[in-house]
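Going by this note's numbering, the sequence shown opens with residue 161, and the numbers climb by one from there. Note that the Cβ used here is the ideal one computed from N, Cα and C, for glycine as well.
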Amino acid sequence: MRVLDLGLQFVDLALDFLDRRRLLADLLFQFAFWLFVGAISFSVAGMLLLRIFPSSMSIFGPIYTKLVKTPTWTFMVMLALLPLLMYGPILGWKRMSLIAAWGCVIGGASELIGTTGWLTIGGTALPFGEYQYTQWLGPKIAGHVPYFIPPSWFAMSIVSLDLARRVTDRRWGYLLLGTFFMVLWDVSLDPAMNRAFPFWEDGADGVYFGMPLSNWGGWAAVTFVILVGYEYIAKDTLIENEWAPWVYVLNCLFPLAICLLRDVYLAAFVGVLATAIPFLLLWRTNPRYVKRTLSVSYR
């Protein structure tokens with residue numbers, strides 16, 4: 161009996177330890193999420209202020225670079241951190257680390273290939289077309305790709321996969337749909353970061369606000385490779401978190417706001433339509449999940 165009692169006590173301690181870890185992860189997520197929201201809000205408020213009162217630039221001009229970089233970099237860090245805290249307790253931290261590494265390596269490698277022009281076929285730089293990052297996103301890997309970019313591939317690809325799995329449970333269906341959701345994000349992202357504000361510059365004058373349409377083909381190919389890797393690493397463990405829709409929509413709303421405040425209205429309009437597609441599909445196939453998602457923010 162004593163051995164049994166000791167065993168039960170050990171189980172209780174183990175469960176208590178796990179509960180504490182989950183609680184800590186949840187608290188860290190809440191902190192990161194609201195810092196994420198705060199960074200977006202600060203940036204949008206600053207752009208709105210300059211639009212309404214252009215003369216305020218005389219006040220903020222000396223620190224304008226810091227006012228742009230600080231919330232943008234905070235946003236990028238939180239974007240990478242949120243999925244770790246969302247899915248780490250579900251997948252286990254070892255598996256989560258492998259997934260994050262896979263997303264960062266594949267995304268980062270594709271960006272290095274794209275920015276160096278290493279793979280050019282028939283005058284077309286693969287996989288995204290000819291482009292270069294400016295100084296606004298900070299230090300760069302090998303002088304080409306900002307360190308923030310590879311983690312953003314990991315973050316948005318896993319969130320896109322999460323949403324896709326709510327629409328269909330067929331493996332190839334949600335892998336392809338997750339790829340599509342990821343590409344939809346770029347519909348507003350590219351005009352915002354290229355035309356509305358110079359975070360990067362396209363080398364050729366493409367048909368979609370300077371971006372060649374082949375860019376979306378590159379996005380789809382790279383994302384699909386990333387998602388197949390996630391599926392292999394996660395095995396039968398579901399990659400699901402109730403906060404995924406909020407992270408996805410907020411990350412889409414930020415470039416939409418930039419487009420609006422920088423007068424790139426057509427891109428904003430098309431971007432709104434693109435952002436709505438995942439949620440319309442979710443509403444049609446899984447309305448209970450959408451309602452549950454809307455209630456999550458009130459907890």
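Given that a residue counts as buried once 16 or more other Cβ atoms are within 10 Å of its Cβ, and exposed if not, what is residue i?
i      : result
Pro311 : buried
Leu433 : exposed
Gly333 : exposed
Val367 : exposed
Ile281 : exposed
Phe263 : For the record, residue 263 in the displayed sequence is Gly; it is not Phe. Under this definition Gly263 is a buried residue.
Gly431 : buried
Tyr408 : buried
Leu151 : Nothing in the structure corresponds to residue 151, since the chain is present only between 161 and 459.
Pro306 : buried
Ala364 : exposed
Thr435 : buried
Met217 : exposed
Leu187 : exposed
Leu178 : Confidence at Leu178 is low in this model, with a pLDDT of 46, below 50, so its placement is unreliable and no value can be given for it.
Leu335 : buried
Leu251 : buried
List the endpoints of the continuous alpha helix (DSSP H) containing residue i.
i      : result
Tyr408 : 404-421
Tyr425 : 425-445
Pro310 : 309-327
With distance defined between alpha-carbon atoms, name the residue in the options nearest to residue i.
i      : options                        : result
Asn354 : Phe235, Leu297, Val237         : Leu297
Met207 : Gly221, Pro249, Leu242         : Gly221
Glu361 : Lys226, Thr275, Tyr449         : Thr275
Leu227 : Val204, Trp194, Cys412, Met246 : Val204
Val382 : Ala364, Pro447, Phe314         : Phe314
Gln190 : Leu244, Met217, Thr225, Leu209 : Leu244
Gly248 : Leu184, Thr445, Arg422         : Leu184
Gly303 : Gly268, Asp329, Ser317         : Gly268
Ile318 : Leu242, Gly198, Phe308, Arg330 : Leu242
Ala199 : Leu441, Glu271, Leu413, Phe429 : Leu413
Ile437 : Ala356, Phe359, Leu337, Ser270 : Leu337
Phe288 : Gly378, Trp443, Asp329         : Gly378
Ile386 : Ile223, Thr339, Leu286, Met238 : Thr339
Asn446 : Asp329, Ala352, Lys395         : Asp329
Phe439 : Phe341, Lys229, Ile309         : Phe341
Pro214 : Tyr449, Leu426, Arg422         : Arg422
Phe384 : Ser270, Ser257, Phe369         : Ser270
Ala240 : Val424, Ala380, Leu442, Leu195 : Leu195
Does at least one heavy atom of the ligand MN sit under 7 angstroms from the Cβ of residue i?
i      : result
Trp376 : Summarising the ligand content, the structure contains no ligands, and the ligand MN is consequently not present.
Indicate whether the contact test is met: 3 or more Cβ pairs, each with one atom in the stretch 372-381 and one in the stretch 399-413, closer than 8 angstroms. no
Entirely within the stretch 329-394 and at least 4 residues each: give me those alpha helix (DSSP H) ranges in chain order. 331-351, 374-394
Is it true that the stretch 287-307 meets the stretch 316-325, where meeting means three or more beta-carbon pairs spaced less than 8 angstroms apart? no
Contact the stretch 413-425 vs the stretch 348-361: 3+ CB pairs below 8 angstroms: yes
May I have a chain-ordered list of the beta strand (DSSP E) segments no shorter than 3 residues that lie completely inside the stretch 167-251? none
Decide if the stretch 231-249 is in contact with the stretch 383-390; the criterion is three or more beta carbon pairs, one per stretch, under 8 angstroms apart. no
Uninterrupted alpha helix (DSSP H) stretches inside the stretch 248-292 (no shorter than 4 residues): 253-276
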